[in-house]
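First the structure, in the form of structure tokens, and then the observations on it.
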Amino acid sequence: MKIGTVLHPRCYNRDNGSMMTKALEYRDVTFSYGEESAFRMEHLNFSVEEGEFVAVLGHNGSGKSTLARLANGLLTPDRGAVAVFGATLTQKNLFEIRKQVGIVFQNPDSQAVASIVEDDVAFGAENVGLKREEIGKRIDFALRAVGMEEFRTATISRLSGGQKQRVSIAGVLALKPKIMILDESTAMLDPRGRREIVEVVKNLNEKEGITVLMITHFMEEALLCSRAVVMNRGEIVMQDTPEGIFRRGEELLTYNLALPRIGEICNRLRAGGMQVRDSLDVNTLAEEISKCVS
Amino acid sequence: MRIVAEHLSYVYNARSPFATKALDDVSLTIEEGEFFGIIGHTGSGKSTFVQHLNGLLRLPSSLKRRKKKDGVVLTVGEFDLTSKKTDFRALRRHVGMVFQYPENQLFAETVFEDVAFGYKNFADKKPERDEVERAVREAITAVGLDYGAVKDMSPFDLSGGQKRRVAIAGVIVTSPEILVLDEPAAGLDPLGKREVMALLHKLKESKCKTVIVVSHDMDEIAENCTNVAVFSDGKVKDVLPPAELFKRTEELFSLGLDVPLTAKLTLALKQRGVEIDCDYTMEDFVAKVLAKRGNVC
Amino acid sequence: MLKDVSFGQYYPVKSFVHNLDPRLKILFLIGYIVAIFLAKEFLALGACALVLVFAVFIARIPFGKVMRAVKGILFLVLFTAVINVFFHGGSAVYWDGPAVLWEWKIFRVTQAGIMFSAFLVLRLFLLVICSSLLTYTTTPVSLTDGIESLLTPLKWVRFPVHELALIMSIALRFIPILMDETERIMNAQKARGAMLDSGGPAKRVKAIVPVLIPLLLSAFHRADELGDAMDARCYSGGKNRTKYKKLRFSWRDLLAAVLLAALIAGVVVMRYFPVFPL
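The listed protein sequences derive, respectively, from chains A, B and C.
The first sequence begins at 1 in the working numbering and counts up by one.
The second sequence begins at 1001 in the working numbering and counts up by one.
The third sequence begins at 2001 in the working numbering and counts up by one.
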């Protein structure tokens, strides 16, 4: 391992000659849940640049959640290391790292410790010992960022699923993380809730510059990301732009994944002899089709 | 068995500050043999409605007294659910209900015992061992699992998709005529989703005459259903086959509901002057588009 | 939905009582209970009742809500009262007529017995109404905050006050969720023909297994996820932790405290200088 990469978060990217900052880096990580478990992650190397919006796809049990939990020390690698902005994660800097890497989990009903929105959002900020005024400001900021200001004193159990998850995101945001990981945070929501979350997260990425790792098995959600990664049996098997990934439909099937429906329609049209280009959104495909019908 | 509901209303927590009207004068008929879809977003009353179908929710007695006046009707085949004398156990045997995340209700030590649970419960007298075994074998095979391989396994050692199949087997083991499923594909990965929907088609042909699916996934609804009821604010807005329903894209959007991808594409094509008249299944859409193909491409 | 009808749940309106410091409300409840038990005559208890009726009134809790709390213990109270009527004995005379009204073997109904039972019933009702007033007007969070704050002196003897308060607050948060979950699982098993509300005790215990196991599994699963979510938000126990909400005494609290003090003083005075002794 080069010393430079350990000491300096900024390293030289040979491909385009620019300075890139690695927000999150898995260096040769090996991990298992003990002898009985069939799951193995071996020599995983993977990194996320600052400001990226990466989707992680994979069927249930492919290692997506393990990847998330390794990022902030909820799990510790058996061998290898995880680094956040160049700092290797150790027992000593665990809490510093956790401030920088927030995780939102799957179940909207299992993440809140308090019954009232603002009390729950305050939890993380209280844990790190911030002053009262600062906590107040953080709550303002976090609730505004997820569009829940008017629910500040609402009872969490009376909110909709999407709103509950937005509170979960706010609770993480109150720690001002630089990286946010969503571990299937949309899986238990209805379409409306899913849209809410995707919108909020996209906004955080664009406006607040937060690096996002979005674990999901909704193929449609992956279309919004700048890069998509496919996991299978604890291994990263595909890495590309969403378009690039979905061009390889056959390969996706072997990992128990499916094309988004729009990709499937493209394929079927081509199989029927209509030469439409791969398009991942409705308007582009409609344009392609309308070119082919006179 | 035909399902008829007329002027059905239901209020949660009546006479409290949290009183919410979940159903508001709902009238709906579901014919035998339908693959019936129910859509509407969370809190629109669709789950409340389906829970009436096997008597898990019942008409409050105050309503029963008034029912003659208001003309409230709720019948499932021969069962009159507004009557006090209804044999709800017999009803539940004919109306199987698969809840959201049904794998969360697995409890027994083996897959066999879990699937047999319902069969034993509904038997009038203690059933013979081989009788139970036949029913369980049939149910497990029907959901596409290998009976010999899974029957002695703990249900908790199965994968997510397998667990869900076992849970469905636990409901169809009594061969209900009507099978009701609330979000049967929720939480599964894309392939698991497709497999479950394919399974429902198979079950409809082999075991259950009527299948009722509550779903948020409009693509699923468009691909599978013969008729769709749209719930909104406790009311039924419309009951239409998907081919008709998804023509009303604007109306569905205004209710905050989505439409299938094929409907979105149809709309986008229309804006570009290309009229496609399909039933919104992917197959029909592709066929209709290809039929319009000019000589350019 | 079971969760909305559970006893003693927070009743969300704005009022003088809702705005009181939770610590004061807890102390008020304790003080009030002391007053009830110090009261020796109807006049004193009547004063207590008056204060409580006033508190309920300004708390804007509907009368029916309060009565529902009483209904829960109605049977217990009446049972105790009946026992007391028959076995109390005593010879005091409160109105014209014989001291002993009716007698048969060991049963003896006396004027004193009737008065004593009535006194007991009133006492228990006041107790229940006052406690439910606390839970109706105080959110779970401020209640646990109040308890934590009141128990702070115990930190000196290394009692895990913060952890206890957190456990209480999480429990309160998850009760409605778990009740919902129980209902869902019960419905699912009923749909599979489970008879959960019929048969003898042995049968019922057996019938509970299909509900209990999924419920426990789900609770453990939730606990796991909650633990991860807390860890991810930098939780490391009470050390170096700050609090967003500071409890503060205001003029309201002072007013309530004065009222309570007056009540207790009055009751104590009447105890030693009875007006109409019981």
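We treat Cβ as the ideally placed atom computed from N, Cα and C, and that holds for glycine.
Contacts around C/G2080, its chain only, beta-carbon distance under 7 Å, and the 5 residues preceding and following it disregarded: On the third sequence, residue 2080 of chain C is found 80 positions in, with the first residue counted as 1. The sequence as given places Thr at residue 2080 of chain C; Gly does not occur at that position. Taken in chain order, the residues that qualify are L2120.
Contact list for C/R2222 against chain B, beta-carbon separation under 8 Å: As a position in the third sequence, residue 2222 of chain C is number 222, starting the count at 1. Near C/R2222 there are no residues of chain B at all, since even the closest Cβ is about 11 Å away, more than 8 Å.
Span separating the alpha-carbon of B/P1242 from that of A/S168: Start at 1 with the first residue of the second sequence, and residue 1242 of chain B comes out as number 242. Start at 1 with the first residue of the first sequence, and residue 168 of chain A comes out as number 168. Going from the Cα of B/P1242 to the Cα of A/S168 covers about 36 Å.
Boundaries (first-last residue) of the beta strand (DSSP E) holding B/H1007: To locate residue 1007 of chain B, count along the second sequence from 1; it is residue 7. I1003 to Y1012 is the extent of the beta strand (DSSP E) around B/H1007.
Segment limits, alpha helix (DSSP H) that includes C/S2169: Walking along the third sequence from the start, residue 2169 of chain C turns up at place 169. Run containing C/S2169: V2161 to A2191, per the alpha helix (DSSP H) assignment.
Residue-level contact to chain B via CB, C/S2218, 8 Å cutoff: Walking along the third sequence from the start, residue 2218 of chain C turns up at place 218. Output row for C/S2218: interface = yes.
Neighbourhood of B/S1232 by C-beta distance below 6 Å, restricted to the same chain and skipping five residues each side: Here residue 1232 of chain B refers to the residue found at position 232 when the second sequence is read from its first residue. For B/S1232, where only same-chain residues beyond five positions count, the Cβ hits under 6 Å are G1040, S1044 and L1255.
C/W2095, enclosing alpha helix (DSSP H) - first and last residue: Stepping through the third sequence from its first residue, residue 2095 of chain C is reached at position 95. Careful: C/W2095 lies outside any alpha helix (DSSP H) and carries neither H nor E.
Nearest to C/V2034 (by Cα), restricted to the options C/Y2272, C/F2273 and C/V2268: On the third sequence, residue 2034 of chain C is found 34 positions in, with the first residue counted as 1. Among C/Y2272, C/F2273 and C/V2268, the Cα nearest to that of C/V2034 belongs to C/V2268.
Buried/exposed call for A/S62, threshold 16 Cβ in 10 Å: Taking the first residue of the first sequence as 1, we reach residue 62 of chain A at position 62. So A/S62 counts as buried.
Residues of the region 258 to 280 of chain A whose Cβ lies closer than 9 Å to any Cβ of chain B, in chain order: A258, L259, P260, R261, I262, E264, I265, R268, L269, A271, G272, G273, M274, Q275 and V276
CB contact check: B/F1112 to chain C, cutoff 8 Å: By 1-based counting over the second sequence, the position of residue 1112 of chain B is 112. No, B/F1112 does not count as interfacial toward chain C.
Those residues which DSSP pairs with B/D1182 across a bridge: Taking the second sequence and counting its residues from 1, the one referred to as residue 1182 of chain B is at position 182. Looking at the DSSP assignment, B/D1182 forms a beta bridge with B/V1214.
Contact list for A/N283 against chain B, beta-carbon separation under 8 Å: As a first step, residue 283 of chain A is located in the first sequence; it is residue number 283 there, counting from the start. Per Cβ cutoff of 8 Å: A1268.
A/N256 (DSSP reduced to helix, strand or coil): On the first sequence, position 256 is the one that residue 256 of chain A refers to. Coil at A/N256, not helix or strand.
Selected residue, minimal CA-CA separation from A/E35, among A/G244, A/M188, A/E134 and A/D78: For the purposes of this step, residue 35 of chain A is taken as the residue at position 35 of the first sequence. Comparing Cα-Cα distances from A/E35 to each of A/G244, A/M188, A/E134 and A/D78, the minimum goes to A/D78.
Buried or exposed by the 16-neighbour rule on C-beta atoms within 10 Å, applied to C/F2276: Translated into the one-based positions of the third sequence, residue 2276 of chain C becomes position 276. It is exposed - the Cβ of C/F2276 has fewer than 16 other Cβ atoms within 10 Å.
CB contact check: B/V1132 to chain C, cutoff 8 Å: Along the second sequence, read from residue 1 onward, the residue named residue 1132 of chain B stands at position 132. So, not an interface residue.
Backbone secondary structure at B/I1140 - three-state DSSP: Counting from 1 along the second sequence, the entry for residue 1140 of chain B is found at position 140. If DSSP states are grouped into helix, strand and coil, B/I1140 belongs with the helices.
Cβ neighbours of A/F31 in the same chain (closer than 6 Å, five flanking residues each side left out): For the purposes of this step, residue 31 of chain A is taken as residue 31 along the first sequence, with counting starting at 1. Once the five neighbours on either side are set aside, the close Cβ partners of A/F31 are M41, P77 and D78.
DSSP state of C/I2061 mapped onto helix, strand, coil: Reading the third sequence from its first residue, position 61 is the one you call residue 2061 of chain C. In this structure, C/I2061 counts as coil in the three-state DSSP scheme.
C/L2134 and C/L2029 closer than 8 Å at C-beta: The count along the third sequence starts at 1 and reaches residue 2134 of chain C at position 134. The count along the third sequence starts at 1 and reaches residue 2029 of chain C at position 29. Yes. Within cutoff.
Chain-order list of residues whose beta-carbon lies under 7 Å from that of C/V2013 (same chain, five-residue window excluded): The residue labelled residue 2013 of chain C in the question sits at position 13 within the third sequence. Only R2060 meet the Cβ criterion.
Any C-beta of chain A under 8 Å from that of C/E2163: As a working mapping, residue 2163 of chain C is identified with position 163 in the third sequence. Taking Cβ atoms only, chain A never reaches closer than 8 Å to C/E2163, which makes this a no.
Reference B/A1185; option with closest CA among B/H1216, B/G1071, B/A1022 and B/C1278: In the second sequence, the residue the question calls residue 1185 of chain B occupies position 185. When only C-alpha atoms are compared, the closest one is B/H1216.
Under 8 Å between C-beta atoms of B/I1178 and B/C1208: Start at 1 with the first residue of the second sequence, and residue 1178 of chain B comes out as number 178. Start at 1 with the first residue of the second sequence, and residue 1208 of chain B comes out as number 208. In contact: B/I1178 and B/C1208 (Cβ atoms closer than 8 Å).
Chain C within 8 Å of A/L175, Cβ atoms only: In the first sequence, residue 175 of chain A corresponds to position 175, counting from 1. Closer than 8 Å to some Cβ of chain C, the Cβ of A/L175 qualifies, so yes.
Local Cβ density within 10 Å of A/M1, reported as buried at 16 or more and exposed below that: Here residue 1 of chain A refers to the residue found at position 1 of the first sequence. Its pLDDT being 39, under 50, A/M1 is placed unreliably by the model, and the measurement read from it follows with that caveat. With fewer than 16 Cβ atoms within 10 Å of its Cβ, A/M1 is classed as exposed.
Reduced DSSP secondary structure (H/G/I, E/B, other) of A/D240: The residue given as residue 240 of chain A occupies position 240 in the first sequence. Three-state result, A/D240: strand.
Residues that A/E25 bridges to, as DSSP identifies them: Taking the first sequence and counting its residues from 1, one reaches residue 25 of chain A at position 25. Answer is A/S47 and A/A83, bridged to A/E25.
Enclosing beta strand (DSSP E) for B/F1231 [first to last residue]: Translated into positions along the second sequence, residue 1231 of chain B becomes position 231. First-last of the beta strand (DSSP E) with B/F1231: N1227 to S1232.
Exposed unless 16 or more other CB atoms sit within 10 angstroms - verdict on A/Y26: Within the first sequence, the letter at position 26 stands for residue 26 of chain A. When all chains shown are included, A/Y26 counts as buried.
Cutoff 8 Å: B/P1184 Cβ touching any chain A Cβ: What you label residue 1184 of chain B is simply residue 184 of the second sequence in a count that begins at 1. By this cut-off, B/P1184 is not an interface position.
Within chain E, the residues that C/I2264 reaches when beta carbons sit closer than 7 Å: No chain E appears in this structure, whose protein chains are A, B and C.
Within-8 Å CB hit, C/K2246 to chain A: What you label residue 2246 of chain C is simply residue 246 of the third sequence in a count that begins at 1. Yes, because at least one Cβ of chain A sits closer than 8 Å to the Cβ of C/K2246.
Bridge-paired residues (DSSP) for C/S2131: Position 131 of the third sequence, counted from the first residue, corresponds to residue 2131 of chain C. Paired residue(s): none; C/S2131 is not in a bridge.
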